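Numbering (my numbering), first residue to last: 3 to 369.
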């Protein structure tokens, strides 16, 4: 009994020392698309720099992975916000879930196809008869769209041989495939970070590669956006919570544009498996996807949405055309967040029109 009494006293004392302000904080959760890495640095920065706290929010950032799906957690009401690609959101909506994009952070796609420089394969229309690596689970569609635009049928092996590619670059490095899927901020860096068995480094540089850009070819799909459940947003007070969350998150991304080294430290504090060199490269490449934001950070480009939705329809991600503004995505909350930030901080640069990416050195194995 005495032991139970002491435990009760300790718990009461712990409650007694909670700051009064902390009791007024609104708890919300954000589910990332993947594990902790610089891809999500803006959210870690908003937490570390106290921006969420300033908005009265107690934000729990949940890392995703093979067994954690942001669409599932947000759709079920277990989390208020999630980060995912638009193709996945469209597919989730087709199942009857009312998820909706409320801010489009990435303004361009980081996905590429890469070939070896000595292959002579410098364009999508040169991939006929070649082995083209694609990822599973919806990530193949930008490549399929590019091949189709180039005049090939990705389902016809006489036109092009589509190979399932692991989420690494081993098959490409072994020259088992002619063109490989790669994110600028991850797999591309893995090729450049490669160290030979005898310790030689660098083995490859960008001069050894051809990089085929889906953005330039017009078949890119929208990537990291913030989404929520429309039913949750409709509940009294929740739109205001969403605006506060976006205000803080936007400030986090602005901080990572202006102080990338600090944001890499925030990411490393979360214990990612990839090293500081890789995270520094990734942070720089992620900033290129966020900035410039022509209409202000988080505002959806309708033309980019239309391309994504059309590719999703063409390749069976969805069975009927997706509706746009007000249904699949809304810009009013992001705009309200931006307007209020500009009113509070007149010198805040929410567009990054003058930003240019610095040079970041590749390190052996990303260390």
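C-beta: ideal position from N, C-alpha, C; glycine also. Predicted model, so just to flag it, every value in this text is computed and none were measured.
By the 10 Å Cβ neighbour count, where 16 or more other Cβ atoms means buried, how is residue i classified, buried or exposed?
i: residue 246; result: buried
i: residue 284; result: buried
i: residue 145; result: buried
i: residue 198; result: exposed
i: residue 106; result: buried
i: residue 238; result: exposed
i: residue 308; result: exposed
i: residue 364; result: buried
i: residue 162; result: buried
i: residue 347; result: exposed
i: residue 111; result: buried
i: residue 231; result: buried
i: residue 310; result: buried
i: residue 322; result: exposed
i: residue 166; result: exposed
i: residue 295; result: buried
i: residue 249; result: buried
i: residue 125; result: exposed
i: residue 61; result: buried
i: residue 257; result: buried
i: residue 279; result: buried
i: residue 360; result: exposed
Can you give me the start and stop residues for the beta strand (DSSP E) that residue i sits inside?
i: residue 271; result: Premise fails: residue 271 is in no beta strand (DSSP E) and is neither H nor E.
i: residue 62; result: 59 to 64
i: residue 69; result: Segment: none, residue 69 is in no beta strand (DSSP E) and carries neither H nor E.
i: residue 321; result: Note, residue 321: premise wrong, no beta strand (DSSP E); not H, not E.
i: residue 28; result: 28 to 33
i: residue 135; result: 133 to 136
At the level of alpha carbons, what is the spacing between residue i and residue j?
i: residue 86; j: residue 209; result: 32 Å
i: residue 23; j: residue 59; result: Unreliable positioning characterises residue 23 in this predicted model, as indicated by a pLDDT of 48, which lies under 50. The coordinate reading is nonetheless provided below. Their Cα atoms are separated by approximately 11 Å.
i: residue 358; j: residue 194; result: 22 Å
i: residue 151; j: residue 170; result: 26 Å
i: residue 340; j: residue 94; result: 28 Å
i: residue 13; j: residue 273; result: Bear in mind that the predicted position of residue 13 carries a pLDDT of just 35, short of 50, making it unreliable; the figure below should be weighed with that in mind. Distance between the alpha carbons of residue 13 and residue 273 is about 30 Å.
i: residue 344; j: residue 277; result: 36 Å
i: residue 26; j: residue 38; result: 28 Å
i: residue 362; j: residue 282; result: 7 Å
i: residue 324; j: residue 315; result: 8 Å
i: residue 205; j: residue 320; result: 42 Å
i: residue 139; j: residue 57; result: 36 Å
i: residue 351; j: residue 131; result: 47 Å
i: residue 186; j: residue 113; result: 6 Å
i: residue 122; j: residue 116; result: 12 Å
i: residue 253; j: residue 97; result: 34 Å
i: residue 69; j: residue 77; result: 16 Å
i: residue 260; j: residue 356; result: 12 Å
i: residue 164; j: residue 45; result: 36 Å
i: residue 200; j: residue 119; result: 23 Å
i: residue 217; j: residue 109; result: 10 Å
i: residue 136; j: residue 168; result: 8 Å
i: residue 329; j: residue 91; result: 12 Å
i: residue 102; j: residue 52; result: 27 Å
i: residue 32; j: residue 269; result: 16 Å
i: residue 299; j: residue 367; result: 32 Å
i: residue 369; j: residue 304; result: 39 Å
i: residue 267; j: residue 156; result: 42 Å
i: residue 50; j: residue 43; result: 10 Å
How far does the alpha helix (DSSP H) with residue i in it reach, from first residue to last?
i: residue 231; result: First-last for residue 231: 227 to 231, but that is the beta strand (DSSP E), not the alpha helix (DSSP H).
i: residue 112; result: Run containing residue 112: none; DSSP gives neither H nor E here.
i: residue 254; result: 240 to 260
i: residue 44; result: 43 to 50
i: residue 218; result: 216 to 219
i: residue 237; result: Here residue 237 belongs to no alpha helix (DSSP H), and DSSP marks it neither H nor E.
i: residue 55; result: 53 to 56
Give me the Cβ distance between residue i and residue j, rounded to the nearest whole Å; I'm assuming they're in contact under 8 Å.
i: residue 34; j: residue 65; result: 5 Å
i: residue 301; j: residue 275; result: That pair is no contact at about 33 Å.
i: residue 175; j: residue 184; result: Between residue 184 and residue 175 the Cβ distance is about 11 Å, and since that is not below 8 Å, they are no contact.
i: residue 104; j: residue 335; result: 5 Å
i: residue 221; j: residue 306; result: About 11 Å; that fails the 8 Å criterion.
i: residue 84; j: residue 72; result: 3 Å
i: residue 243; j: residue 30; result: 7 Å
i: residue 180; j: residue 153; result: Going by Cβ atoms, the distance from residue 180 to residue 153 rounds to 17 Å, so no, they are not a contact pair.
i: residue 143; j: residue 317; result: 5 Å
Please confirm whether any heavy atom of the ligand FMN lies closer than 7 Å to the CB of residue i.
i: residue 62; result: You won't find the ligand FMN in this model; it holds no ligand whatsoever.
> Which full runs of the beta strand (DSSP E) of 3+ residues lie inside the stretch 146 to 211, going along the chain?
Replying inline: 163 to 166 and 181 to 185
>> To test your reading of the DSSP string, which unbroken alpha helix (DSSP H) runs of 4 or more residues are found completely within the stretch 73 to 131?
In response: 88 to 96
>> In chain order, what are the residue ranges of uninterrupted alpha helix (DSSP H) at least 4 long that sit wholly in the stretch 274 to 340?
In response: 278 to 292 and 304 to 316
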